[in-house]
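Here's the structure we're looking at; comments come further down.
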Amino acid sequence: MFSFILSVSVFLSSSVRAQTREAVKQQAETQLQQMTPQQIEAKIKEYGLTKEQAESKASELGIDLNTYLQQQSAPPTSTEPAPAETTPKDTPPSEKQKKEEPVAVLQPPAGRAGLAFFGYDVFAQIPSAFEPTAAGPADPEYIIGPGDVLRFAVWGQVELQNELTVDKEGRIFIPTVGQVMVSGQTLESTYSKLKSQMSKSYSGLVSRPPTVWMDLTIAKLRPKRVFIMGEVPKPGGYTVSSYSTIFSSLYSVGGPTIRGSLRDVRVIRGDRTIAHVDLYNYLIGADSTNDIRVQNNDIVFVPPRGRTVSVTREVLRPAIYELLPGENLSKLIEYAGGARSTAYLERVQVDRIVPFRDRKPGDVERRIIDVDFRGILNAHKDYELSDGDVVTVYSVFDDRMNLVTLRGAVLRPGQYQLEKTPSLRALLDAAEGLQPRAYLEVAHLIRYNADWLTRRIIPFELRKVLSDPDADWKLMPRDEVIVFSMEAVEVKEKFVSISGEVKTPGRYPLADKMTLDDLILLAGGYTEAADLVRAEVSRVVPGGIPGDSLVVILHPNPPLVFNAQSRNTLRDTVSTESLLGQGYFVLQNHDQVLIRPNPEYKLQQNVTIEGDINYPGLYAIEKKGERLSSLLTRAGGPTTTSYLGGAELTRGGNRVFVNFDKAFFDKDPIHDVVVLPDDRIRVPPRPSTVLVTGEVNGAGLLSFIKGNSVSDYINRAGGLTDSSDYALLKYPTGESRRVNFGFLRSDPEVTDGSSIYILKVPPPPPAEKGEPATAVIKDVFAILMAATTVAFIVWQVSQ
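When we follow the working numbering, the leftmost residue of the sequence shown carries the number 5, and every step to the right adds one.
What follows is the structure in C-alpha cells.
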C-alpha cells in the first residue's frame, strides 16, 4: 500500500534500490490508485510525516501526491457490497445500511492551466442526490422478475386481496386460477394477462357494465445486483434498486474516476454490449434516452477516458472536456457553453502536443496554432483537435476609440459617442449645458499625442466657444473635456470659529457683513458662566509675518436682548473706524472668538458640619471669605454637650489645627479661619476622659480632673516603667507637646480629651564590626618597614 512509496523515499530499502526509478514510480502509482484519500492520510500519520513532507518525498519519484489526496472518495469497504440505492419504501433498511457513513464530498483534481475536468464533480455530491425514488406507483413498463411482491385485489360482487411473491421460476399462484408465469413481462401486460384468466372465474370483470373490478400493483420491488467495473473507485458487484439506471448506478459508487470515460459507458448484458451511454447528455441538459434501466447481473463498464481537450478564457464554461470521434472545435465550444460576447473568434489559439504519428526527429514536440474560428463557422467546416490540445479563446480589444469624455460643471457629464458630438459645442449641447456655477474663463481639452501614450492639455476660453461658432474646436478620438466650477478658482470656504462660554462652540461659515453678535447667536448664545463684559477676537494680520495674529479685546456698549433675558452686546471699543464699522464688530475670514468665563461666577460651594451641633448638615458658603464662626452660628452653635475644644476642621484630607473656642467665642482671627468649599467640620461631645498609654504600668482611659498635670495622670496610671524616657501630650485641638522627665522635666496641665503617650528612645543601631586594633597596627608597621627599605636602597645607589 502507501507504505511502499514511503519506504522507497524514506528508508530506501535494498530491494527498492535494485529497481529502476520508473518501475518504482509505476508500482507506487498503482498502489496509490487503489487507496482512498483517507487511507493515504492515515499512512502518512503512521510514518510520523506531515503532509508536506510526504508530498516532498513523493515528488522525488516524480509523483504528484496531492492529485491522489484530492481524488474522489470511494464507498466504504465491507465484506459484502453495500446497497447502492435505497430499497423500496416499505422495505426496512438493514442495520448495515443504518450505520453506513456518508460518502465524503470531494472535488476532482485540477487539470491543465488550473482547469477542472468537466462532469466529474457531479459525482462528488452526496450519494442520495440522484437516487431513483422508491415512492409512488410502479412504472407500467416495469419488468417483473423473481423476488417482486405483487399486490392483487378484486372487489365488487367478489372481494379478494393477496400479496403474491414471484418465485424463482417467475410464477405466482392465484386461487381459482392457479400458477401464472409473469417473469419477464411488464406490469401492464401482466395486468392484462391476469384479467383475462380471472374473467374465466369472474365474468363480472368483462361484463357490460362490469360488476367486478381488479387492480395489480407492485407491493415490494426486488433488488438487483449489477457489476460496475473499469475506471471506478471500487470495482465490484453492487445491489441497486430496480429503478436504477446507468447514471444512478454509477452515481451510487462515486462515479468514474478522472481516468475513466464519461462519453462511452458500456452496458454488457449476457455476452453482448447492449448500450453505449454518453453521460454528457445528462450533464449539458440533453436528452437521457440512452440512460437505460439496469437489469439483474448487468455489467456496467467504464473504459479509460478518450481524447481530452482543454478550453479556457472567453467561454462560459472553461474546463477539460472529453471528445468522441468526429467531435472537434465547434463541439468543444458548444460543450463549454458557447463563446462569450467578448470573445475574439478571428484568432482562437490551439496549444498542441504533436501526435506521435506526426513527430519527426529534431522537430519540437509542441506547437502554437492560430485558428480563424469565425471563418470556419461561415464555411460550415470544423477544425480537428488532437488529444491534449489546449484551446484559448481570447477577448476582443477592450479599448474604445469613438468616444469623448466630458467632466466637471455640466448637467450631464460622462462619455459620448464621437460621431454624434464631433465638436466642443456639440458635446456641450449633448450634455444639456453648463451648471450655474461653471467657470467660463478657462476650460481644458486633454488630448493624446501621436504616440497614444502621453497627453497634453489645451486650455480654451469656454465663454468664447459658446458665443462664437468660429471659436469651436473639432474633437478627436478619446479627447477629454473638463469644465471647472467657480469653487475651483475661488478662495476656499470662509469661516470663523468661536469657543469658550457659548452653548455650541465650533466653526461656522462666514457670511457677508457677519458681526460678532451674529456669531454668538449662531453658537446658541452665552452659557450662565460667560463673562458678559469682554470677548477676545484673534485675527490674522493682513500683510504681516506668517503666524502673527491680532487680538482685539471687545467691551459691551449698549445692551442688546438676545432672548428672554437681557444680555449685554459685545461691541468694538477699539478706536479704529475700520474695526468699528457701524458700531458693531464685523468679523473677517478665519477670526477666532473666545468668550471667557466670568471670574465672579461660581455655583454653590458647600461645607459639611457634623457631630454634636444643633443643626448639622450641608451649608453653602454665603459669600467669599465667610469665616468659621459665621458658619457655626448658622448651624445653631454648639449644644450643651458639645466640646468645641475637640472639634476638627478637615480640608483636603488633612486636619487644620484650629482652637474652636477662640474662633467661636472670641472671634480670634488666628483661629477664626476662612472656610473653603468641601471643608468638613466635626464637633464631638465632651469626653470627660484622658487617655494614658505606652510605658506605664496601668494604661487606659482616666476620668478628667480639671487642673491635673501630666505627672498626676501618670501616677494615677500606676507610674512609669523602667524603659520610659519621655511623654507626648496630644491636645484635642490636634496640637502635640513633648514632656521630658528628669533634670529638664516639664509638667503641663492636661485638658479634657487629651492623650498622653509614654515613649522610650530606641537604642542606637549596632556599629559595624571592624578589624582588631592589633591587625591595623601590624599593617601600619609593615608599610613603614617597606618604605624604610626602599629609602635605604636609593641612598646606597646614590653614593
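Note that CB positions come from ideal geometry on N, CA and C, so glycine has one too.
Taking the Cβ atoms as the reference, SER646 lies roughly 5 Å from VAL687, within the contact range of under 8 Å. Setting aside the 5 residues that flank it on each side, GLN201 is surrounded in the same chain by VAL181, each with a C-beta closer than 6 Å to its C-beta; the list follows chain order. In the DSSP assignment, TYR339 falls within the alpha helix (DSSP H) that extends over 333 to 339.
In the assembly as shown, ARG363 is an exposed residue. Its beta-carbon has fewer than 16 other beta-carbons within 10 Å.
Runs of the alpha helix (DSSP H) lying entirely within the stretch 400 to 476 and spanning at least 4 residues, in chain order: 428 to 434, 466 to 471. Residue environment analysis places ARG416 among the exposed positions, since fewer than 16 neighbouring C-beta atoms fall within 10 angstroms of its C-beta. DSSP, reduced to helix, strand and coil, places ASN166 within a strand of the structure shown. Secondary structure within the stretch 620 to 706: the alpha helix (DSSP H) runs of 4 or more consecutive residues, fully enclosed, are 632 to 638, 664 to 668 (chain order). In its chain, beyond the 5 residues on either side, ASP355, ARG356, ILE357, VAL358 have a beta carbon closer than 8 Å to the beta carbon of ARG370. Looking at the backbone, the Cα of ARG749 and that of VAL743 are separated by about 7 Å. Rounded to the nearest whole angstrom, the C-alpha separation of ARG311 and TYR348 is 26 Å.
VAL281 has VAL269 as its beta-bridge partners, per DSSP. Between VAL611 and VAL660, the C-beta spacing is not below 8 Å. In the three-state scheme derived from DSSP, where H, G and I count as helix and E and B as strand, TYR72 is classed as helix. Listed in chain order, the non-local C-beta contacts of ASN701 below 6 Å within the same chain comprise GLY722, GLY723, local neighbours out to five positions each way being set aside.
Here the stretch 414 to 428 makes no contact with the stretch 492 to 506; the two share fewer than three CB pairs at distances below 8 Å. By the criterion of a C-beta distance shorter than 6 Å, SER713 is surrounded in its chain by ASP751, GLU753, once the five residues flanking it on both sides are discounted. About 5 Å separates the beta carbons of VAL281 and ILE250, which is inside the 8 Å limit, making them a contact pair.
In this structure, TYR242 lies away from LEU220, with their beta-carbon atoms at least 8 Å apart. The alpha-carbon of ALA492 is positioned some 10 Å away from that of GLY412. Listed in chain order, the alpha helix (DSSP H) runs fully inside the stretch 291 to 361 are 333 to 339, counting runs of at least 4 residues. The beta carbon of ARG741 lies closer than 6 Å to those of LEU733 in the same chain, with the five residues before and after it left out. When VAL216, GLN183, ASN719 are compared, the shortest CA-CA separation from ALA157 is found for VAL216. For LYS224, the enclosing beta strand (DSSP E) covers residues 216 to 224. When TYR735, ILE674, ASP521, PHE664 are compared, the shortest CA-CA separation from LEU598 is found for ASP521. By the Cβ-count criterion, MET789 is exposed, with fewer than 16 other Cβ atoms from all chains shown falling within 10 Å of its own Cβ. DSSP places VAL493 in no beta strand (DSSP E) but in the uninterrupted alpha helix (DSSP H) bounded by 490 to 493. Within the same chain, and ignoring the five residues on either side of MET480 in sequence, the residues whose Cβ sits closer than 7 Å to its Cβ are ARG451. A direct Cα-to-Cα measurement between PRO214 and SER205 gives close to 14 Å.
As DSSP reads the structure, GLN592 sits in no beta bridge.
When secondary structure is reduced to three states using DSSP, GLU484 falls in the strand class.
With respect to ILE176, LEU168 sits close: the two C-beta atoms are nearer than 8 Å. According to the DSSP assignment, PHE251 belongs to no beta strand (DSSP E) but to the alpha helix (DSSP H) extending over 250 to 256. For ARG212, the three-state secondary structure derived from DSSP is coil.
With three or more CB-CB distances shorter than 8 Å, the stretch 637 to 656 counts as touching the stretch 614 to 628. With respect to LEU449, ARG467 sits apart: the two C-beta atoms are not nearer than 8 Å.
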